[in-house]
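J.: Residue numbers for the sequence shown, in mature numbering (1 follows the signal peptide of the UniProt record, and there is no 0): -21 to -1, 1 to 102. Have a look at this one before I ask anything.
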Amino acid sequence: MLLYVAVQLWLLLPQSGAVLGDSVQPREPQMSGAEGGSVTLSCSYESSYTAGVYLSWYRQYPNRAPQYILRRGTKEVRSVSDTADFAQERFSSQADDSSTVLNITALELADTAVYLCALQRAQ
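Encoded structure:
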């Protein structure tokens, strides 16, 4: 059985409004994997904010609100790392100065969803 995931993006903006020069872009708009296998989703990003950003991953099922998976920090906030309880075993992520990846192992049918990559400036 093949599982399908689609990657979309979010750019989370600080309360002050839109930020010029920040962007996030999925590297593969769609990906599939076999049940029990693994997939790696990735997003590239740019930010003019030199102190670092938070890169988060969510998943969304049809007609449901996005579900938080995890967050990683970069640069000055590199030590920030948080993962939802349900994701501790099978979901992992790395982030650097230009991209982030989400690794999903032991794929299950329930992993079929839209995955959202989000960028937020560290404040």
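Even for Gly, the Cβ is constructed at its ideal location relative to N, Cα and C.
I need the straight-line Cα distance from Q73 to C22, nearest angstrom please.
T.: If you number the sequence shown from 1, residue 73 lands on position 94. If you number the sequence shown from 1, residue 22 lands on position 43. Their Cα atoms are separated by approximately 11 Å.
J.: Just reading off the beta strand (DSSP E) that Y47 is part of, what are its end residues?
T.: The residue given as residue 47 occupies position 68 in the sequence shown. Run containing Y47: 46 to 52, per the beta strand (DSSP E) assignment.
J.: Any idea what DSSP makes of L86, helix, strand or coil?
T.: Translated into positions along the sequence shown, residue 86 becomes position 107. In this structure, L86 counts as coil in the three-state DSSP scheme.
J.: Between C96 and T84, is the Cβ-Cβ spacing less than 8 Å?
T.: Along the sequence shown, read from residue 1 onward, the residue named residue 96 stands at position 117. Along the sequence shown, read from residue 1 onward, the residue named residue 84 stands at position 105. No. Outside cutoff.
J.: Indicate the three-state DSSP secondary structure (helix, strand or coil) for D61 in the structure shown.
T.: As a first step, residue 61 is located in the sequence shown; it is residue number 82 there, counting from the start. Residue state, collapsed to three classes: strand.
J.: By how many angstroms is the C-alpha of S71 removed from the C-alpha of L49?
T.: The residue labelled residue 49 in the question sits at position 70 within the sequence shown. The residue labelled residue 71 in the question sits at position 92 within the sequence shown. Taking the straight line joining both Cα atoms gives about 8 Å.
J.: Determine the direct distance from the alpha carbon of V18 to that of A7, and round the result to whole angstroms.
T.: Mapped onto the sequence shown, residue 7 falls at position 28. Mapped onto the sequence shown, residue 18 falls at position 39. The sequence given here has Glu at residue 7, not Ala. Approximately 11 Å between the Cα atoms of the pair.
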